[in-house]
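A.B. asks: There's a structure below that I have some questions on.
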Amino acid sequence: MEASRFEAPTEVEGAVALLAAEEGARVLAGGTDLLVQMRLRRGVPDSPPPPSVIVDVKRIPRLMRTQLDAGGLTLGAAVPAAEIFENQTIKNRWPGLAEATDLIGSTQVQGRATWCGNLCNASPAADSVPAMIACGTTVVIAGPSGEREVPVEDFATGPGKTILERGELVVEFKVPSPASHAADAYLRLIPRTEMDIAVVGAAVQLELDEDGTVQKANVILGAVAPTAIRVAAADTALVGSRLEDDAVNAAAAAASAAANPIDDKRGTITYRKKIAGVLTRRAAHIAYERARAR
Amino acid sequence: MSAAADTTRGQGERKFKQIGSRPIRHDGLDKVTGRARFGADYTLPGMIHGVFVRSPYAHARILSIDTSAAEKVPGVRAVITAEDFPDIAMNWIPTGPTGIDFGANQRTVLAREKALYHGHAFAAVAATSDEIAREAGKLIKVEWEVLEPVLSIEAALAPGAPILHEGQETQGAGDKPEGDSNITNQVLFEGGNLDAGFSEADVIVEGHFETPMVHQGYIEPHACLANCREDGTSEIWASTQGHFNVKSEVALITGMDPNSIKVTPTEIGGGFGGKIPVYLEPAAIVLSRKSGRPVKMTMTRDEVFRATGPTSGSRMWARIGAKADGTFVACETRLEFEAGAFRGSPVGAACMTVFTPYEIPNFKILGIDIVLNKPRVAAYRAPGAPIAAFAAEQLIDELAGKLDRDPIDLRLQNAIEEGGRAKYGPRFEAIGFKQTLQAAKNHPHYKAKIGANQGRGVAAGFWFNAGMQSSATVSVNDDGSAVVRTGNPDIGGSRASMALMAAEELGIDVTRVRPLVGDTDSVGYCDVTGGSRVTYATGMAVIEATRQVVDHLRARAATMWDIELDSVEWQDGNAVATNGDADKGSLSIEEIARQMRMTGGPVVASASVNPPAAGPAFGVHLCDLEVDPETGVTRILRYTVVQDAGKAIHPTYVEGQFQGGAAQGIGWALNEEYLWDAEGKVENSGFLDYRMPVASDLPMIDTQIVEVANPLHPYGVRGVGETPIVPPLATVANAMHAATGVRFRTLPMSPPRVLDAIESQSS
Amino acid sequence: MAKIRVETTINGEEAEFLCAGHQTLLEVLRDDLGLTGTKEGCTTGDCGACSVVLDGRLVPACLVLAPEAEGRTVQTVEGIAQGSTLSAVQQKFLEHGALQCGICTPGFVVAAEKLIEKNPDPTEEEARYFLAGNLCRCTGYDKIIRAVLDAAAVMREGTA
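Protein chains in written order, with my numbering: chain G, 1 to 294; chain X, 1 to 763; chain A, 1 to 160.
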């Protein structure tokens, strides 16, 4: 019987050493993907072996820390979603990102799930990822040769695939504070009201000038391509507008056009492309109202 | 003894003291504290773990199985295949609307000649841990002849389709295919003159309908613990809807002496029909016999979805004709039901219920049972009826639209009532369909305003309910309290109902009655907890046994007073002396009980019943919903269940049945479905993608209990558990039509399908 | 492979157990510690039947590895009643008939306690969303939600 060893290092260096030492080492943050995968593979022929060592990173103080200042948020990689959503400052400053975080799984799963897991699992449908990208979030990665910081946008390279190399560990996230008249929103479509994986997700961040004209826009879609995607044409359509129907409809059309989804058990290509437009329009309006109120 | 003589007619305006109250259920404390023991909670010293090994193919012949490598794995104690069971041929034995086939039941536990669905078990391994057993299972070598899977009704009926069961010819009525067929059976009910009937019609509506396979979705996976002892006797603890059934099925499937098997029911975490079949127990007991160790078997959620339940997917065509004044004149259906791997879809019951709530003189109801390479279906709450009602009740709604009639009024005009004949033969005794329709029409919900993108639907349904065999034993303790023991697993509060009925007869408070569920050795035979029969039939046995106890208590009082038995009446828990002996006064049940040892010993009585029929229950549902026209997402805004309960013994649990059935039906209507890949593998074998309603999907579900006494039960009880799932599919579909103008004839009404339909209509 | 020795606190009492590195807290609670009130419905975090509280957070015990419990506190359904007194949530579940088969009940009780602790006056909608991860197939949730809202009201009166 193959069994996994369990390690709970208290420093980043210790975790990196464990991860670098063995091909079969796996990081345990919230475990909401890792444990499910391990469980569902039991007894299934030809499935990958269980991890040789499970590295629980929740005893590393840096990975459990929340630091807020005027410049933004530095969030430990293993802070559970519930703690993020309970933080009133995060909710006020990045309401879309907070909402996306709150949508990951049930209350129980929220007690475990992390941004780091949501990102590293590299599901195209991860709720927090489009919202993180829309807010300009970067991720700090520690590895055997030191640390590097990369935009979340560049992290996933395909379903289940990331830029992480052997021995590397996501340590923390950095979210810059929005400009004075900027705000974000995230919407997803699911068949039920809870407990589903996003069929489509749309994050929009808008930065306005004093008159309410859009200066900058970030439109990011989830679940419609191998990774979360930026819809540059939608950004362009919104910039310079005050969210008049023409501009929003153009952004929605751009989102539908940019969506490149697959048919699967959670949705069809046609449906996902349509919904990408609908959610982009709705999220843009929410982000705009929030930005206007600031 | 039969209770029939005393219990064939209702008791009219009897004033109840206990019945209709809402006591805390006796088993509730253990369930809110976590102490109650369900199937997976039992252990024995030396216990090992059994798991099934399952087919990776939906359709494949088993040429050989080599278990030797698995047997050599350290920790493995036994490996079995179908060869460890006696070879029982498949043979269908009719039993009313359905039937039984022990050969098929055995092959459901372990495949013999063929694997007939993806996940069909073909071997079982017992080892010192679940993980070792699963790993060892991977080493079992099977030589498969992979066959083309049959994955849809269309494919099953196609000329030249692969045949699941060679030598199986179509049985039953109607025009049948020649030679081997995947159609196992046809059911036909005909009456009047169909052509003449339709020629009288001023309006005819018809439609094709499709519903997918869906699962019962109980939260507790199947589990059992089995121990075969050195002398060949066995004990089984099982999460089941019927432990007497487990006993007889295990004996037949394994060839063991039924007399050697004792089955104890654990608490059961939901069943809805899906825990009537036996899947684990025959394998567990043979693994135990082979290993000499107690064997526990539990399924994973994935296994539950792949290899237990579900209920049929269907393809249906139906039409109905009415005169301009609204009178229904003719109806016709062709109901094609997926049975899964073996014969036995609920299409017979679907035929018995479709259009039966209405007087329609000319009819032809055809039902077809079709096997294909999907899991074998099991009973699911009013089996077949919700599917049939999805077609029938939508057509009636359409008819109401065409005739410009209120949909409840149109149903009232045609509703069947006492003396009316069911399309399957018998005449109805007193039933409450018209009263239920009227109550729905008068309900504030039916008159409330609704807004844009919203719609209201109404639909009706009924279930005939079951009687069957039940036993009960009632004993009096020396403090005047009582114990009532039956043999029906309590799946939703039936202990409280049994206690209420015994308390009513004894004239004592319900808290003074302790209800127990006995094992197969400690109580008389009881058929399964199913068919909405426990409160009705087992309740009848309880009432009868308690009445015998009361007679004994009267006799003891007569002895204590030294007067004639005829001079003792029983009133509110007291023996009261009457006639010339009124001066003796009264003796309480406590006083009589304290003297039992002096007056003849313990007071115990048992009764058994076998009512051939039950009282049908009719329900009418109202649903308001809102559709997002840009996404197709539907939200249920308001839902009301009105149903005839005959007499509500414990109204809280009657309401609970109404609400739970409605919620399951709403899930079926909106999002639940099995998804299959091209090879017949289930793609959504977990709660993440098999989308049952969650708390935030539903509003409060209003209930209104109608009470039209069932003349077959001493208190007027009708079974209430199944009817609530019959109307919701059509109710929601009718509300969707009201909201969008589109008729949804295919389930589920999931967002992509709804959006597509809305857009197709507007273009 | 040598098992891992874990020292933890369960329902206010010190506990220790041996486990393998990949074993879940759910498995250890049920199979090794005899705390079978925590139920297994799916093992994938989708049903809520195994809800427990780990260091104050509501979590599914099937998605926690047993060795993670080292030095932490775990509360299960067995620790909800205080001595011989049921909690308000447990009492209201009984009074409202908020259970039929009862398999989901322990998970609902544990989750509802946490809801009311965090939000003493939840709206119906808040209760429904908080409890959306607890599946019930029997009741349609109506009586469960009523019991939870009623328990919250009773607890507000009790602390007022």
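Where a beta carbon is used, it is the ideal one built from N, C-alpha and C, also for glycine. Computed from a prediction, not measured in an experiment: that's the story for all the values here.
Is the Cβ-Cβ distance between Thr-44(A) and Arg-266(G) less than 8 Å?
C.D. replies: Start at 1 with the first residue of the third sequence, and residue 44(A) comes out as number 44. Start at 1 with the first residue of the first sequence, and residue 266(G) comes out as number 266. It is not a contact, given that the beta carbons lie outside the stated cut-off.
A.B. asks: Please state the DSSP three-state secondary structure of Lys-114(X).
C.D. replies: Translated into positions along the second sequence, residue 114(X) becomes position 114. Of the three classes helix, strand and coil, the one that applies to Lys-114(X) here is strand, per DSSP.
A.B. asks: CA-CA distance, Cys-104(A) and Gly-75(X)?
C.D. replies: Looking up residue 104(A) in the third sequence gives position 104. Looking up residue 75(X) in the second sequence gives position 75. For Cys-104(A) and Gly-75(X), the distance between alpha carbons rounds to 33 Å.
A.B. asks: Can you tell me whether Met-498(X) is buried or exposed? The criterion is at least 16 other CB atoms within 10 Å of its CB, across all chains shown.
C.D. replies: Position 498 of the second sequence, counted from the start, is the residue given in the question as residue 498(X). Counting Cβ neighbours within 10 Å, Met-498(X) comes out buried, since at least 16 surround it.
A.B. asks: Once the 5 residues before and after Ala-669(X) are set aside, which same chain residues still bring their CB inside 7 Å of it?
C.D. replies: For this step, residue 669(X) is matched to residue 669 along the second sequence. Excluding sequence neighbours, Ala-669(X) sits near Pro-728, Leu-729, Val-732, Ala-733, Leu-747, Pro-748, Met-749.
A.B. asks: Can you find a C-beta in chain X that's less than 8 Å from the C-beta of Leu-243(G)?
C.D. replies: By 1-based counting over the first sequence, the position of residue 243(G) is 243. Leu-243(G) does not count as touching chain X.
A.B. asks: Applying a beta-carbon distance threshold of less than 8 Å, which residues of chain G neighbour Asn-453(X)?
C.D. replies: Within the second sequence, residue 453(X) is the residue found at index 453, counting from 1. What Asn-453(X) touches in chain G: nothing, since even the nearest Cβ is about 14 Å away.
A.B. asks: According to DSSP, which residues form a beta bridge with Trp-463(X)?
C.D. replies: Here residue 463(X) is taken as the residue at index 463 of the second sequence, counted from 1. Bridge partners of Trp-463(X) according to DSSP: Ala-617(X).
A.B. asks: The alpha helix (DSSP H) that contains Asn-92(G), what's its start and end?
C.D. replies: By one-based count along the first sequence, residue 92(G) stands at place 92. Here the alpha helix (DSSP H) through Asn-92(G) covers 88-93.
A.B. asks: Short of 7 Å Cβ to Cβ, which residues in the segment 27-41 of chain X face chain G?
C.D. replies: none
A.B. asks: What does DSSP give as the partner residues of Trp-92(X) in its beta bridges?
C.D. replies: Counting from one through the second sequence, the residue named residue 92(X) turns up at place 92. Looking at the DSSP assignment, Trp-92(X) forms no beta bridge with any residue, so it has no partner.
A.B. asks: Using 8 Å as the cut-off, can you tell me whether the segment 690-705 of chain X makes contact with the segment 187-200 of chain G, which would need three or more C-beta pairs spanning the two stretches below that distance?
C.D. replies: Touching, yes.
A.B. asks: Would DSSP call Leu-40(G) helix, strand or coil?
C.D. replies: Along the first sequence, one-based indexing puts residue 40(G) at 40. Annotated three-state conformation of Leu-40(G) is helix, per DSSP.
A.B. asks: Where do the N-terminal and C-terminal ends of the beta strand (DSSP E) with Met-316(X) fall, by residue?
C.D. replies: The count along the second sequence starts at 1 and reaches residue 316(X) at position 316. Element bounds for Met-316(X): 314-322.
A.B. asks: So what does DSSP say about Ser-763(X), is it helix, strand or coil?
C.D. replies: Taking the second sequence and counting its residues from 1, one reaches residue 763(X) at position 763. Coil, per DSSP.
A.B. asks: Would you please verify whether the beta carbon of Ser-696(X) is less than 8 Å from any beta carbon of chain G?
C.D. replies: By one-based count along the second sequence, residue 696(X) stands at place 696. It does; some Cβ of chain G falls within 8 Å.
A.B. asks: Assuming Gly-34(X) and Pro-106(A) are in contact, meaning their beta carbons sit under 8 Å apart, how far apart are those beta carbons, in whole angstroms?
C.D. replies: Against the second sequence, residue 34(X) aligns to sequence position 34. Against the third sequence, residue 106(A) aligns to sequence position 106. Sure, about 4 Å apart at Cβ, within 8 Å.
A.B. asks: With three or more beta-carbon pairs closer than 8 Å as the criterion, would you say the segment 191-202 of chain X touches the segment 250-259 of chain X?
C.D. replies: no
A.B. asks: Tell me the residue span of the alpha helix (DSSP H) that contains Gly-661(X).
C.D. replies: In the second sequence, residue 661(X) corresponds to position 661, counting from 1. It spans 651-670 - the alpha helix (DSSP H) in which Gly-661(X) sits, taken as one unbroken run.
A.B. asks: Quick one: is Tyr-446(X) near chain A, going by C-beta distance under 8 Å?
C.D. replies: Stepping through the second sequence from its first residue, residue 446(X) is reached at position 446. False, the Cβ-Cβ gap to chain A never drops below 8 Å.
A.B. asks: So with Cβ pairs under 8 Å, would you call Gly-24(G) a contact of chain X?
C.D. replies: Here residue 24(G) refers to the residue found at position 24 when the first sequence is read from its first residue. It does not; no Cβ of chain X falls within 8 Å.
A.B. asks: Measure the alpha-carbon distance for Arg-745(X) versus Ala-391(X) and round it to whole angstroms.
C.D. replies: For the purposes of this step, residue 745(X) is taken as the residue at position 745 of the second sequence. For the purposes of this step, residue 391(X) is taken as the residue at position 391 of the second sequence. Approximately 8 Å, taken between the alpha carbons.
A.B. asks: Using a cut-off of 7 Å between C-beta atoms, extract the partners of Leu-68(A) located in chain G.
C.D. replies: Sequence index remark: in the third sequence, residue 68(A) carries index 68 (1-based). First, the amino acid is wrong: residue 68(A) is Glu here, not Leu. Correct list: Asp-56.
A.B. asks: Any beta-carbon of chain X closer than 8 Å to the one on Tyr-271(G)?
C.D. replies: Mapped onto the first sequence, residue 271(G) falls at position 271. Closer than 8 Å: yes.
A.B. asks: What span of residues does the alpha helix (DSSP H) with Arg-128(A) cover, start to end?
C.D. replies: The residue labelled residue 128(A) in the question sits at position 128 within the third sequence. That run of the alpha helix (DSSP H) goes 124-130.
A.B. asks: Would Leu-63(A) pass as an interface residue toward chain G - the criterion being a Cβ-Cβ separation below 8 Å?
C.D. replies: Your numbering for residue 63(A) matches position 63 in the third sequence. True, the Cβ-Cβ gap to chain G drops below 8 Å.
A.B. asks: From which residue to which residue does the beta strand (DSSP E) around Tyr-358(X) run?
C.D. replies: Your numbering for residue 358(X) matches position 358 in the second sequence. Neither: Tyr-358(X) is in no beta strand (DSSP E) and is coded neither H nor E.
A.B. asks: What residue range does the beta strand (DSSP E) around Asn-414(X) cover?
C.D. replies: Taking the first residue of the second sequence as 1, we reach residue 414(X) at position 414. Per DSSP, Asn-414(X) belongs to no beta strand (DSSP E); it is in the alpha helix (DSSP H), 407-414.
A.B. asks: Does any residue of chain A bring its CB to less than 8 Å from the CB of Gln-659(X)?
C.D. replies: Locating residue 659(X) in the second sequence gives position 659, counting from the first residue. So yes, Gln-659(X) belongs to the interface.
A.B. asks: Assuming Leu-29(X) is part of the alpha helix (DSSP H), what are its boundary residues?
C.D. replies: Position 29 of the second sequence, counted from the start, is the residue given in the question as residue 29(X). Run containing Leu-29(X): 28-33, per the alpha helix (DSSP H) assignment.
A.B. asks: Taking 8 Å as the cut-off, does the segment 17-27 of chain A touch the segment 70-90 of chain G (at least 3 CB pairs, one atom from each stretch)?
C.D. replies: no
A.B. asks: Spatial neighbours of Trp-676(X) within its chain, please: CB distance less than 8 Å, with the 5 preceding and 5 following residues excluded, ordered by chain position.
C.D. replies: Along the second sequence, read from residue 1 onward, the residue named residue 676(X) stands at position 676. So the list reads Leu-151, Lys-374, Val-682, Glu-683, once near-sequence residues are dropped.
A.B. asks: Per DSSP, what kind of secondary structure is Glu-332(X) in: helix, strand or coil?
C.D. replies: By 1-based counting over the second sequence, the position of residue 332(X) is 332. Three-state result, Glu-332(X): strand.
A.B. asks: If you draw a straight line from the C-alpha of Pro-370(G) to the C-alpha of Arg-272(G), how long is it?
C.D. replies: Absent from the model: residue 370(G). The displayed extent of chain G is 1 to 294, so no value can be given.
A.B. asks: For a test of the three-state rule: what should DSSP assign to Met-297(X), helix, strand or coil?
C.D. replies: Locating residue 297(X) in the second sequence gives position 297, counting from the first residue. Met-297(X) falls in the strand class under three-state DSSP.
A.B. asks: Since Gln-766(X) sits in a beta bridge, which residues does DSSP pair it with?
C.D. replies: Nothing about residue 766(X) can be reported from this structure: the residues present for chain X run from 1 to 763 only.
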